[in-house]
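Written below as C-alpha cells is the structure these notes are about.
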Amino acid sequence: MVRRLCGILLVFLLVGVGLAVDREDAFIGYSENRRLGYGKTSPDPAAASFLVITTDFGTVKIELLEASAPATVKWIKSVLSSGKESAKVFYRAESMEEGYGLVQGRFWQDLPSPPLPAETSGHNVRKTAALITGTTEFFISLTDHSDWDGSFNVFGEVADDGGMEVLEKISHLPIKNFTHPDYGTVMRMLIEEVHFDAEIVS
Numbered sequence: 094m095v096r097r098l099c100g101i102l103l104v105f106l107l108v109g110v111g112l113a114v115d116r117e118d119a120f121i122g123y124s125e126n127r128r129l130g131y132g133k134t135s136p137d138p139a140a141a142s143f144l145v146i147t148t149d150f151g152t153v154k155i156e157l158l159e160a161s162a163p164a165t166v167k168w169i170k171s172v173l174s175s176g177k178e179s180a181k182v183f184y185r186a187e188s189m190e191e192g193y194g195l196v197q198g199r200f201w202q203d204l205p206s207p208p209l210p211a212e213t214s215g216h217n218v219r220k221t222a223a224l225i226t227g228t229t230e231f232f233i234s235l236t237d238h239s240d241w242d243g244s245f246n247v248f249g250e251v252a253d254d255g256g257m258e259v260l261e262k263i264s265h266l267p268i269k270n271f272t273h274p275d276y277g278t279v280m281r282m283l284i285e286e287v288h289f290d291a292e293i294v295s
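First residue of the sequence shown: 94, per the numbering used here; consecutive thereafter.
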C-alpha cells in the first residue's frame with residue numbers, strides 16, 4: 094500500500110511541475126528540447142475560426158484551435174491581417190508511403206516579437222497543423238507523430254478530407270533529397286515550391 098501511494102504521488106508531482114526530456118530526433122533538422130504536454134485540442138465550436146490555404150491543387154481549410162494555442166493563433170491572425178506581403182510556400186513533402194507523412198512550409202518570414210510561448214499541449218496526429226517552436230515554419234501531419242507530442246505548437250486541424258487530399262497530392266510532387274548539414278538527415282524537398290494564399294475566415 095505504501096509503495097502504491099508513493100507511486101501515485103510521484104505521478105502527480107511529475108504532472109504538476111512538467112517533465113523535461115531530451116528530444117534528439119522528434120523532428121528532423123531541429124534541436125529544441127521536448128516538453129511533455131497535457132490537454133485536449135478541441136476548440137469551442139461557438140468561436141471557431143479557420144485558416145484557409147489556397148493552392149493550385151485545391152484548398153485546405155484548417156480549424157484554428159484557440160483554446161489550446163491562443164498566442165499562436167493570435168499571431169497567425171495578426172500577420173495574415175497586417176497587409177504585409179510575405180512569401181507563402183510549401184517546400185518540403187514527406188509521403189505517407191515512407192511512413193513519415195507531412196507537408197511543411199511557411200506563411201511568414203519575420204520571427205514573432207516577442208517570441209511565442211510554448212503551447213505544446215496538442216497532439217501531433219494526422220490532420221493537425223503545428224508551428225515549429227522558435228520559427229515561422231509549420232507542418233501539417235499526414236500520419237500520426239505521437240512521439241512529437243509536447244514539442245510543437247499544435248494550432249489547427251484540417252477540417253475535411255478534401256483538404257487532406259490536396260496535401261497528399263503535394264506530397265507526391267517531384268522532390269530532391271537534401272542532407273541537413275548539422276544532423277545528417279535526408280529530407281525530401283520539393284523541386285518546385287508550392288505557393289499559396291492564406292486568409293482567416295469565421
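Where a beta carbon is used, it is the ideal one built from N, C-alpha and C, also for glycine.
Which residues bound the alpha helix (DSSP H) around Ile-263?
Within the sequence shown, the letter at position 170 stands for residue 263. Where Ile-263 is concerned, the enclosing alpha helix (DSSP H) stretches over 254-264.
Runs of alpha helix (DSSP H) wholly within the region 145-206 (minimum 4 residues, chain order):
163-173
Reduced DSSP secondary structure (H/G/I, E/B, other) of Ser-244
The residue you call residue 244 lines up with position 151 of the sequence shown. Looking at Ser-244 - three-state DSSP - the assignment turns out to be coil, as it is neither helix nor strand.
In whole angstroms, give me the CA-to-CA distance for Met-282 and Ser-161.
One-based indexing of the sequence shown puts residue 282 at position 189. One-based indexing of the sequence shown puts residue 161 at position 68. Roughly 30 Å separates the two Cα atoms.
If you drop the 5 nearest sequence neighbours on each side, which residues of the same chain put their C-beta closer than 8 Å to that of Asp-237?
By 1-based counting over the sequence shown, the position of residue 237 is 144. Hits under 8 Å: Asn-217, Val-218, Arg-219.
Tell me the DSSP secondary structure of Ser-142 in three-state form.
In the sequence shown, counting from the first residue as 1, residue 142 sits at position 49. Ser-142: coil per DSSP, three-state reduction.
Measure the alpha-carbon distance for Ser-234 versus Glu-258 and round it to whole angstroms.
For the purposes of this step, residue 234 is taken as the residue at position 141 of the sequence shown. For the purposes of this step, residue 258 is taken as the residue at position 165 of the sequence shown. Whole-angstrom Cα-Cα distance: 12 Å.
Use the C-beta contact count for Asp-275: other C-beta atoms within 10 angstroms, 16 or more gives buried, fewer gives exposed.
As a working mapping, residue 275 is identified with position 182 in the sequence shown. Asp-275 sits exposed, since fewer than 16 C-beta atoms from the chains shown fall within 10 Å of its C-beta.
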